[in-house]
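J.: Right, I'll just put the structure down here and ask away after.
Structure, rendered in structure tokens:
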């Protein structure tokens, strides 16, 4: 593939709700551009961008995929992103690397949650936006209803550029409002100019809306519009381009990725209206002192690039997707990784075309490609010329909200699991993993059930490890409720020296977590040199409580009396005596189980606040308050036992159709209701047996 200057490159992410036809749209764009010779189908598992075995099996995109192609004299780096919320990490990668986002939506289903999320993410990352109303060929498609929804939801920036003329249930032709021409399509998706249909006053209103939007982008154009003059075609295209770049215009086009209707006009619009890499790929980075540095997108500048995606395959090796913001990235140059401060040897530099790869000598400013075999570089790292070491803003991936414990099917595979998941996290930073020392479980966290299901499949297919996922154990605690004074006496006579340790200890509750150990011994009943042994014995004992073996918190122990033997007493004897006193004291001091309580913040649409509050009550939670949030949302603040929350993300997604989000952080421990103690004891017994 030949090299292009930044002004002739468009980096475009395809985003939208799951099922809106993004991958099929990508297929149609590639076919229309002559990059592929036949239209693949998701149902047949032969599309250019859904090539992962998991994607073929599930018939959905699970990660972002890329395919560069040309349209006219312009190179388009197309990044197809997943629409399902469980795989939102792929959308974050794709949008971060692009300058523009084309948001696909169904002409039948209209604006859905995924449409809103894609629009918001593009706005947050300051990317140009364009809507494509897909599936105009399906039954009950209604472009004008969808257009009204878009205007209602996203405001006056929404501006249609291509509209259908519908007769009955079928779009007879498509009107390009910029060109003021109508096109009909044959069975192969080839356009043919046709007579402008009788559209009454609607056409004038639509064209007027474009002129108004264009007039707002430039003072000279505003004066021309105000004086009643018509804009030329070039002025309209230039004005739309400026408006799209600034965010004041969000164009709407339509067509079908199945029949190829409108696909040529979408390609033209991508080239004409979306900003080039030269215009919008420049960024503000940070230098080594943390000061902001403007990086312009030009070949002449020192190299500055960032890695936005990693593929870590045990068979193929590691592949790092990189966007060059400035300078040239070539194989004979060893850039500095700004995170490690070390030079990185580059492997092959390639263009990724779906599952195919094409080698290239270098990547120019504004272009996107991939590098093989980078040893230390991970997603989010910046690669720079040693003359100007900078760090680009990292991708803020969505937080993992569903945690499950790993249960290996074959004993001894725990190490393989940890290694395999570490490789998968390299590919997908929205996953997280920890070895919980207390519950003796490996915990994996992701964005939802399907997300974790993919992890299970990939561990088996790529790393040969079979696992099940089970709800994670809860780290309970134990404490006491009353003050007691108990004796601990260890006396053992053997052939030589005996063992003798004798203590009286007062145990009482206190508000802190740690053990408080004090002494109040008179007359040297227990010599001071044995005090540390008594404390050490207690510190070891509190690791296991007397109810279910969970660690003990909120315990104060005061050594008040005891006795010793000048020959037989030893540190070990007093440690043992302290342990005996602990067992006796804990049993007598009304021991109770404590459960972890989390501080919960849930953002939900106004209409769902009642559902969430009702659910929190079911989960033994308490609602503490509510705050209004922009966009018709409410923040519900509460406290809830963490044992009740492992599947809350599934409930919230279901009831809010994916609009809701939450954070849960540990707050404190509270007494577990007595009716739940037996189940916790039984689980603790099973855990002890497994050990």
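Numbering (this note's numbering), first residue to last: 258 to 948. The beta-carbon is built from N, C-alpha and C at its ideal position, and this holds for glycine as well. On a predicted model such as this, the values are computed, not experimentally measured, just so you know.
(1) For the putative contact between residue 689 and residue 657, defined by C-beta atoms under 8 Å, what is the C-beta separation to the nearest angstrom?
(2) Between residue 275 and the rest of its own chain, which residues show a CB-CB distance below 7 Å, the 5 nearest in sequence each way excluded?
(3) By the three-class DSSP mapping on this structure, what secondary structure does residue 435 have?
(4) Measuring CA to CA, which of 426, 448 and 425 is closest to residue 432?
(5) Within 10 angstroms of its Cβ, does residue 775 collect 16 or more other Cβ (buried), or is it exposed?
(6) Where do the ends of the alpha helix (DSSP H) carrying residue 796 lie?
(7) If you draw a straight line from the alpha carbon of residue 555 to that of residue 582, how long is it in whole angstroms?
(8) Helix, strand or coil: which one does DSSP assign to residue 629?
(9) Which first and last residues belong to the beta strand (DSSP E) in which residue 759 is found?
(10) If you compare alpha carbons, which of 683, 388 and 295 is closest to residue 350?
(11) Can you tell me the Cα-Cα spacing of residue 840 and residue 798, whole angstroms?
(12) Measure the C-alpha to C-alpha separation of residue 424 and residue 396 and round it to an integer number of angstroms.
(13) If you reduce the DSSP assignment to three classes, tell me which class residue 310 lands in.
(14) Is the Cβ-Cβ distance between residue 584 and residue 605 less than 9 Å?
(15) Where does residue 453 fall in DSSP's three states?
(16) Going by alpha carbons, who is nearest to residue 543 out of 514, 647 and 529?
(17) From the DSSP output, in three-state form, read off residue 932 for me.
(18) Is the distance from the Cβ of residue 812 to the Cβ of residue 764 below 9 Å?
(19) Considering Cα atoms alone, identify which of 535, 737 and 367 is closest to residue 848.
(20) Note down the Cα distance separating residue 532 from residue 385, rounded to an integer number of angstroms.
(21) Among the candidates 381, 359, 654 and 391, whose CA atom is the shortest distance from the CA of residue 236?
(22) Restricting to Cα atoms, I'd like to know which of 842, 807 and 826 is closest to residue 816.
(23) Between the Cα of residue 636 and the Cα atoms of 596, 645 and 621, which residue gives the shortest distance?
(24) Rounded to the nearest angstrom, how far is the Cβ of residue 610 from that of residue 324, given a contact under 8 Å?
(25) Assuming residue 893 and residue 912 make a contact with CB atoms under 8 Å, what is their CB distance in whole Å?
(26) At the level of alpha carbons, what is the spacing between residue 394 and residue 430?
(27) If you draw a straight line from the C-alpha of residue 509 to the C-alpha of residue 415, how long is it?
(28) Can you give me the Cβ contacts of residue 537 inside the same chain, cut-off strictly under 6 Å, excluding the 5 residues immediately before and after it?
(29) Under 8 Å: do the segment 893–909 and the segment 822–831 share three or more Cβ pairs, one atom per stretch?
(30) So, are the CB atoms of residue 263 and residue 623 less than 9 Å apart?
(31) Report the residue ranges of all beta strand (DSSP E) runs contained in full by the segment 816–862; include only those spanning at least 3 residues, in chain order.
T.: The relevant details are as follows:
(1) Looking up residue 689 in the chain shown gives position 432. Looking up residue 657 in the chain shown gives position 400. With 8 Å as the limit, residue 689 and residue 657 qualify as a contact, their Cβ atoms being about 5 Å apart.
(2) Translated into the one-based positions of the chain shown, residue 275 becomes position 18. Only 317, 340, 341 and 371 meet the Cβ criterion.
(3) Position 178 of the chain shown, counting from 1, holds the residue named residue 435. Residue 435: coil per DSSP, three-state reduction.
(4) Along the chain shown, read from residue 1 onward, the residue named residue 432 stands at position 175. Considering only alpha carbons, the answer is 448.
(5) Your numbering for residue 775 matches position 518 in the chain shown. Residue 775 comes out exposed.
(6) Here the question's residue 796 lines up with position 539 in the chain shown. Start and end: 788–798.
(7) Within the chain shown, the letter at position 298 stands for residue 555. Within the chain shown, the letter at position 325 stands for residue 582. Between residue 555 and residue 582, the C-alpha separation is close to 8 Å.
(8) Here residue 629 refers to the residue found at position 372 of the chain shown. Strand, per DSSP.
(9) By 1-based counting over the chain shown, the position of residue 759 is 502. Where residue 759 is concerned, the enclosing beta strand (DSSP E) stretches over 756–766.
(10) Numbered from its first residue, the chain shown carries residue 350 at position 93. Checked all of 683, 388 and 295; the closest Cα to residue 350 is 683.
(11) Reading the chain shown from its first residue, position 583 is the one you call residue 840. Reading the chain shown from its first residue, position 541 is the one you call residue 798. In a straight line, the C-alpha of residue 840 is about 8 Å away from that of residue 798.
(12) Translated into positions along the chain shown, residue 424 becomes position 167. Translated into positions along the chain shown, residue 396 becomes position 139. Straight-line Cα distance between these residues: approximately 13 Å.
(13) On the chain shown, residue 310 is found 53 positions in, with the first residue counted as 1. It is helical.
(14) Within the chain shown, residue 584 is the residue found at index 327, counting from 1. Within the chain shown, residue 605 is the residue found at index 348, counting from 1. Not in contact: residue 584 and residue 605 (Cβ atoms no closer than 9 Å).
(15) If you number the chain shown from 1, residue 453 lands on position 196. Coil.
(16) By one-based count along the chain shown, residue 543 stands at place 286. Of the listed residues, the one whose Cα sits closest to residue 543 is 647.
(17) On the chain shown, residue 932 is found 675 positions in, with the first residue counted as 1. Residue 932: helix per DSSP, three-state reduction.
(18) Residue 812 sits at position 555 when you count from the first residue of the chain shown. Residue 764 sits at position 507 when you count from the first residue of the chain shown. Closer than 9 Å, so yes.
(19) In the chain shown, counting from the first residue as 1, residue 848 sits at position 591. Of 535, 737 and 367, the residue nearest in Cα terms is 737.
(20) In the chain shown, residue 532 corresponds to position 275, counting from 1. In the chain shown, residue 385 corresponds to position 128, counting from 1. Rounded to the nearest angstrom, the two C-alpha atoms are 7 Å apart.
(21) No statement about residue 236 is possible, as the shown extent of the chain runs from 258 to 948 and does not include it.
(22) Residue mapping note: residue 816 aligns to position 559 of the chain shown, counting from 1. The shortest Cα separation from residue 816 among 842, 807 and 826 belongs to 842.
(23) Here the question's residue 636 lines up with position 379 in the chain shown. Per the Cα distances, 596.
(24) Counting from 1 along the chain shown, the entry for residue 610 is found at position 353. Counting from 1 along the chain shown, the entry for residue 324 is found at position 67. That pair is a contact at about 5 Å.
(25) Looking up residue 893 in the chain shown gives position 636. Looking up residue 912 in the chain shown gives position 655. That pair is no contact at about 12 Å.
(26) Sequence index remark: in the chain shown, residue 394 carries index 137 (1-based). Sequence index remark: in the chain shown, residue 430 carries index 173 (1-based). The alpha-carbon atoms of residue 394 and residue 430 are separated by roughly 12 Å.
(27) For the purposes of this step, residue 509 is identified with residue 252 of the chain shown, where counting begins at 1. For the purposes of this step, residue 415 is identified with residue 158 of the chain shown, where counting begins at 1. Those two C-alpha atoms are separated by around 7 Å.
(28) As a first step, residue 537 is located in the chain shown; it is residue number 280 there, counting from the start. Closer than 6 Å at the Cβ level, and outside the excluded window around residue 537, lie 356.
(29) no
(30) Your numbering for residue 263 matches position 6 in the chain shown. Your numbering for residue 623 matches position 366 in the chain shown. Closer than 9 Å, so yes.
(31) 848–862
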